[in-house]
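For reference, the structure discussed in these notes is given below.
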Amino acid sequence: MQKILKSQGTWIGKWTFVLAATGSAVGLGNIWGFPYKAGTEGGAAFVLIYLLCIVVIGVPIMISEILIGRRSGNSPINAMKRSAIDSGNSSMWQLVGWTGIFAGVLILSFYSVIAGICINYIFISAFPNELISSSEQFGAVISSPSNLLFWHTVFMLLTMLIVSAGVKDGIGRMVKILMPMLGFLLIFMVIYAMINGAFVEALAFLFAPDFSNIGTDTFLSAMGQAFFSLSLGMGSIMAYGAYMPKEQEIVSTSFSVGSLDTLIAILAGLAIFPIIFAFNLEPGSGPGLVFVSLLSAFNQMEFGQLIGPLFFILLSIAALSSSISILEPGVAYLAEEGFLSRKKSAVFISLLCWIIGIGTALGFNIFADNNGDNPFLSNMELISVQILQPFGGMMIAIFVGWFMDEALIKNEITNKYPIFYKLWRFFIKFIAPLSVAFIFISQLI
Ligand code: TRP
1 MQKILKSQGT WIGKWTFVLA ATGSAVGLGN IWGFPYKAGT EGGAAFVLIY
51 LLCIVVIGVP IMISEILIGR RSGNSPINAM KRSAIDSGNS SMWQLVGWTG
101 IFAGVLILSF YSVIAGICIN YIFISAFPNE LISSSEQFGA VISSPSNLLF
151 WHTVFMLLTM LIVSAGVKDG IGRMVKILMP MLGFLLIFMV IYAMINGAFV
201 EALAFLFAPD FSNIGTDTFL SAMGQAFFSL SLGMGSIMAY GAYMPKEQEI
251 VSTSFSVGSL DTLIAILAGL AIFPIIFAFN LEPGSGPGLV FVSLLSAFNQ
301 MEFGQLIGPL FFILLSIAAL SSSISILEPG VAYLAEEGFL SRKKSAVFIS
351 LLCWIIGIGT ALGFNIFADN NGDNPFLSNM ELISVQILQP FGGMMIAIFV
401 GWFMDEALIK NEITNKYPIF YKLWRFFIKF IAPLSVAFIF ISQLI
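FYI, the numbering for the sequence shown is 1 to 445, going by this note's numbering.
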């Protein structure tokens, strides 16, 4: 076991894992997904359920994924298989890894299209068209299939190149400087919104819950968003766990990553909604929300033509440090089994994602439904984010809570504060799997 770990090489330095995991977690999910979902799902009630899901389901599952990944040192499919066999259980538990890879392909397919739009916005915000509003600008961007496909291709190529070179070399450095920069820029945007936007209205929208108009699908959507934002349930974090040094503490690391990720999402909300309300834009307008609102802010502010592109550059890089973690589990598996070289594996899976992504790109225009919404994107999100990710997470919780040999677990979790261990055990055995199951079942009735 130790040999495999060595041959893949652990990351040097205590912070590299935290940086990479944060790089994976922080991305479009926080800045594009969270505000747009909060907007369409009615605001604060959604936010509250989302926060609850992070604490009650997300962090406990993150701890589990990291420990499975680290103790085996393999890609997720083999990590699950090995942990199951070592605990005297069926090797069929590897199916959880397979479901994850399948979910990952679907997720990356649409992730790349949206990230492509971010790259496109680097140029749009640098050279704004003053004759049209920012909503019309977004409309123009998504109505052109060739434009969307071009940027989708660019982003997919970048992801493929980094993953084929091996994620552990460049990513630590990339994340260390650029993530804090993105954080500072977001804080700047929040301050800008505080001064120039309808800040109080935004606070009320985000934090004063009105439970009268939420339904069971609000729960499903908030839970999916929590899984998506923390990169859980499909193997990203498990794959990175394989590179985590033995002496690093899993529980507190998971808390740090979870808190940072949540903080960035909340900041994005606080930057975007004051502008939405000040400009009388529609909070429930969907996937275009972040692009429309921030572009109007950049167009108004001094030096907006510099700050805007800088923001979209950083956002594109944040998306890239996430997308590589979506591609990594599948590529690591194919390369580890020796089916294909690392390069060929990366090309093969990227191509698959690229082809499926065409659906999302055309769903914005040629195949848009009568309301102008993207049915392909919503269905992709439903299947992968709202169903497969929580399902994978639930299976991981059930495995760690009920099937995995506890001696193996205790080997990974240094038990400095026994109370945390006991709490986590309780959450992973009962609360996390039952919450996911409950939310699934409430959808069916
Ligand atoms: N969490 C990332 C974001 O918020 C996206 C991401 C990375 C992801 N790895 C994942 C989503 C695995 C689902 C599954 O943008």
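Ideal Cβ positions, reconstructed from N, Cα and C, are used throughout, including at glycine.
(1) In chain order, what residues of the same chain lie with their CB nearer than 8 angstroms to the CB of Ile428, ignoring the 5 residues before and after it?
(2) Since Lys292 contacts Phe138 with CB under 8 angstroms, what's their CB separation in whole angstroms?
(3) Using only CA atoms, which one of Leu185, Ser256, Phe155 and Met179 lies nearest to Leu294?
(4) Express the C-alpha separation of Leu270 and Trp98 in angstroms, rounding to a whole number.
(5) Quick one: grab the DSSP three-state call for Gly23.
(6) Can you tell me whether Phe228 sits near the ligand HEM, meaning its C-beta is under 6 angstroms from at least one heavy atom of the ligand?
(7) Are there three or more Cβ pairs, one per stretch, closer than 8 angstroms when the stretch 411-419 is compared with the stretch 244-251?
(8) Kindly examine the ligand TRP and report whether one of its heavy atoms sits closer than 6 angstroms to the Cβ of Ile114.
(9) How is the alpha helix (DSSP H) around Gln225 delimited, first residue to last?
(10) If we ignore side chains and look at the alpha-carbon of each, how far apart do Asp217 and Pro35 end up?
(11) For Met234, verify whether its CB is less than 6 angstroms away from any heavy atom of the ligand TRP.
(12) Taking 6 angstroms as the cut-off, is the beta-carbon of Ala397 closer than that to any non-hydrogen atom of the ligand TRP?
(13) Use the C-beta contact count for Leu444: other C-beta atoms within 10 angstroms, 16 or more gives buried, fewer gives exposed.
(14) Measuring alpha carbon to alpha carbon, tell me which of Asn371, Val290 and Gly235 ends up nearest Ile107.
(15) What are the boundary residues of the alpha helix (DSSP H) that includes Lys422?
(16) Please report the straight-line C-alpha distance between Pro283 and Thr40, rounded to a whole angstrom.
(17) Output needed for Ser83: all residues of its chain with C-beta closer than 8 angstroms, excluding positions within five of it in sequence on either side, in chain order.
(18) Tell me the rounded alpha-carbon separation between Ala268 and Gly33.
(19) Please state whether DSSP places Ala432 in a helix, a strand or coil.
(20) For the stretch 368-379 and the stretch 148-160, state whether three or more C-beta atom pairs, one from each stretch, are separated by less than 8 angstroms.
(21) Here's the rule: buried if 16 or more other CB atoms are within 10 angstroms of the residue's CB, otherwise exposed. What is Pro180?
(22) If you measure from the CB of Leu48, is any heavy atom of the ligand TRP nearer than 6 angstroms?
(23) Does the ligand TRP have a heavy atom nearer than 6 angstroms to the CB of Ile101?
(24) Thinking C-alpha only, which one of Leu203, Thr16 and Leu232 is nearest Phe277?
(25) Quick check on the burial criterion: 16 or more other C-beta atoms within 10 angstroms. Buried or exposed for Lys37?
(26) If contacts are defined as beta-carbon pairs under 8 angstroms, then Ala20 and Val175 qualify, I think. What distance do you get, rounded to the angstrom?
(27) Around the C-beta of Phe426, are 16 or more other C-beta atoms found within 10 angstroms, so that it is buried, or is it exposed?
(28) Is Gly215 near the ligand TRP, with its Cβ less than 6 angstroms from a heavy atom?
(29) Can Ile124 be considered in contact with the ligand TRP, in the sense that its beta carbon sits closer than 6 angstroms to one or more heavy atoms?
(30) Given a cut-off of 7 angstroms on the beta-carbon distance, is the pair Tyr50 and Ala208 in contact?
(31) I'd like the ranges of any beta strand (DSSP E) spanning at least 3 consecutive residues and lying wholly in the stretch 343-392.
(32) Considering only C-alpha positions, which residue in the set Ile142, Phe17, Gly42 and Leu327 is nearest to Gly363?
(33) Which residue from Ile317, Ile439, Leu260 and Met80 puts its Cα closest to that of Val18?
This is what the structure gives:
(1) Pro60, Ile61, Ile63, Ser64, Ala397, Val400 and Gly401
(2) It should be pointed out that residue 292 corresponds to Val in this sequence rather than to Lys. Contact flag correct, Cβ pair sits at about 5 angstroms.
(3) Leu185
(4) 37 angstroms
(5) helix
(6) What this structure holds is the ligand TRP, not the ligand HEM.
(7) yes
(8) no
(9) Thr216 to Ser229
(10) 17 angstroms
(11) yes
(12) no
(13) exposed
(14) Gly235
(15) Pro418 to Phe426
(16) 7 angstroms
(17) Ile68, Arg71, Ser72, Trp93, Phe399, Met404 and Leu408
(18) 10 angstroms
(19) helix
(20) no
(21) exposed
(22) no
(23) no
(24) Leu203
(25) buried
(26) 7 angstroms
(27) exposed
(28) no
(29) no
(30) no
(31) none
(32) Ile142
(33) Leu260
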